[in-house]
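Here the structure comes first, spelled out in structure tokens, and everything after it is commentary.
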Amino acid sequence: MTDYATLFRLDGRHAVVVGAGSGIGREAALALAAQGARVTAADRDLAAASETVALGNRDLGAATETGADGNHLTAYQLDVLDEQAITTAARELGDVDVLVFTAATNVRKRILDYTGEEFDRVVALNLRASFDLIRAFGGPMAARGRGSIVGFSSIRATTVEAGQSVYAATKAGLVQLLRTAAAELGPNGVRVNAIAPGVVETPLTAQIKENKAWYDAYAQKGALGRWATPDELAGAVVYLASDASTFVTGSVLHVDGGWTAVDGRFDPPN
Ligand SMILES: NC(=O)c1ccc[n+]([C@@H]2O[C@H](COP(=O)([O-])OP(=O)(O)OC[C@H]3O[C@@H](n4cnc5c(N)ncnc54)[C@H](O)[C@@H]3O)[C@@H](O)[C@H]2O)c1
């Protein structure tokens, strides 16, 4: 019989979170660790990843009373623009049950103003690095016959506005990359899914928060009438990492406060 009381627990699992130094990746790392996983908090910014580790281990130490069992998170320096470094990480980190990656960038500019260099920079991080991560970690997972890979897409994979061109294209591309990985790795017991957030207050969206009209317009767009905080994405990560989602693969989980459900143009009178 399934033990529903432990459905979301991750005891004995090793989770690698790439982008764990900030925003959604940080909260994902903290949540996975709180559910019992051993977490490698990877980021290009080692100091930021170490901050996440300190936060998580402090909380876990308090939770376990003794504090001695406090090494559930470990920081790891990784620049995913370096393919060789990804290969080395996959080898060094040993058996990995869960891979979550969040690192991404956006250049908000109209297509006619975009440069080729900017296009390459956004594609390299959002798409090429994802491809390299899936290859490096997916292979050993398939060989072991288990694993869960979670990538971060966006509402921009389906709905756009002026200035989102290359970012939106990479986020739509990432969905198809992840779905194809789900098709290819499924027979080996590896699940692959995407999470598509709405607007979340993190450093990635700081530029928008600085502009009140822009910030408020985004808040009003969804059904809930507000932005998310990054911890509100953590439940989706835990779900897709855990045995609560053993039959879920090739899916896109929208955590967008209703952004993609509501077209937002007009509220008809009753
Ligand atoms: N914040 C939002 O509103 C929002 C909305 C939709 C989708 N998303 C997606 O969610 C994901 C997480 O976004 P966030 O807001 O938490 O971002 P963030 O900018 O807060 O965090 C990204 C992290 O990735 C790290 N990073 C950047 N380049 C790296 C590299 N080359 N190698 C390793 N690490 C690198 C950064 O140091 C940082 O810690 C992204 O994929 C983003 O596109 C975010």
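No gaps in the numbering here: position 169 of the sequence shown is 346 in my numbering, and each next residue is one more.
Think of the CB as a built atom: it goes at the ideal place given N, C-alpha and C, for glycine as much as any other residue.
On a predicted model such as this, the values are computed, not experimentally measured, just so you know.
Please return the same chain residues whose Cβ sits closer than 7 Å to the Cβ of Pro446, not counting the five positions on each side in sequence.
Nothing meets the Cβ criterion.
Should the region 248 to 261 be called in touch with the region 396 to 404, which here means at least 3 C-beta pairs below 8 Å?
Touching, no, given that fewer than three Cβ pairs across the two stretches are closer than 8 Å.
Anything with a beta carbon under 5 Å from a heavy atom of ligand 1 counts; list them all in chain order.
Those residues are Gly196, Gly198, Ser199, Gly200, Ile201, Asp220, Arg221, Asp222, Asp256, Val257, Leu258, Thr279, Ala280, Ala281, Phe329, Ser331, Pro374, Val376, Val377, Thr379, Pro380, Leu381 and Thr382, given in chain order.
Are the region 318 to 338 and the region 369 to 376 touching by the rule of at least three beta carbon pairs closer than 8 Å?
Yes: the two stretches touch, three or more of their Cβ pairs being nearer than 8 Å.
Can you give me the C-alpha to C-alpha distance between Ala334 and Gly435, rounded to a whole angstrom?
Distance between the alpha carbons of Ala334 and Gly435 is about 15 Å.
Should Ala339 be labelled buried (16 or more other beta-carbon atoms within 10 Å of its own) or exposed?
That one is exposed.
Using CA atoms only, rank isn't needed, just tell me which of Phe424, Ala301 and Glu204 is closest to Leu250.
Here the closest residue by C-alpha is Glu204.
How would you call Gly198, buried or exposed, if buried means at least 16 neighbouring beta carbons within 10 angstroms?
Gly198 comes out buried.
Is the Cβ-Cβ distance between Val415 and Gln212 less than 7 Å?
In this structure, Gln212 lies closer than 7 Å to Val415 by Cβ.
For Gly244, collect the residues of the same chain with a Cβ closer than 8 Å to its Cβ; drop the 5 residues on either side in sequence, then sort them by chain order.
Confidence is the limiting factor: at Gly244 the pLDDT is only 43, short of 50, which leaves the residue's position unreliable, though a coordinate-based value still follows. Closer than 8 Å at Cβ, skipping near neighbours: Gly238.
What alpha helix (DSSP H) runs, 4 residues minimum, are completely inside the region 233 to 290?
Runs of the alpha helix (DSSP H) inside the region 233 to 290: 260 to 269.
So what's Thr217 in DSSP terms, helix, strand or just coil?
DSSP places Thr217 in strand when its eight states are reduced to three.
How far does the beta strand (DSSP E) with Gly324 in it extend, from its first residue to its last?
It spans Gly324 to Phe329 - the beta strand (DSSP E) in which Gly324 sits, taken as one unbroken run.
Can the beta-carbon of Val429 be found less than 7 Å from the beta-carbon of Val376?
No, the Cβ-Cβ distance between Val429 and Val376 is not below 7 Å.
So what does DSSP say about Asn370, is it helix, strand or coil?
Here Asn370 sits in strand by DSSP.
What does a CB cutoff of less than 6 Å around Thr279 pick up in its chain, not counting 5 residues either side in sequence?
Taken in chain order, the residues that qualify are Gly196, Ile201, Gly202 and Phe329.
Please report the residue range of the alpha helix (DSSP H) in which Leu362 lies.
Per DSSP, Leu362 belongs to the alpha helix (DSSP H) from Ser342 to Leu362.
For Ala252, is the classification buried or exposed, using 16 other Cβ atoms within 10 angstroms of its Cβ as the cut-off for buried?
Ala252 should be labelled buried.
Quick one: what does DSSP say Leu187 is sitting in, helix, strand or coil?
Residue state, collapsed to three classes: coil.
Roughly how many whole angstroms lie between the Cα atoms of Gly247 and Asn234?
With a pLDDT of only 49 at Gly247, under the threshold of 50, the placement of this residue in the model should not be trusted; the figure read from the coordinates follows. One C-alpha to the other measures close to 5 Å.
For Val186, which residues of its own chain have a beta-carbon under 6 Å away from its beta-carbon, when the five flanking residues on both sides are left out?
Sequence check: residue 186 is Arg here, not Val. Result list for Arg186: Gln212 and Gly213, in chain order.
Just verifying my parser: in three-state terms, what is the DSSP assignment at Ala400?
Correct three-state label for Ala400: coil.
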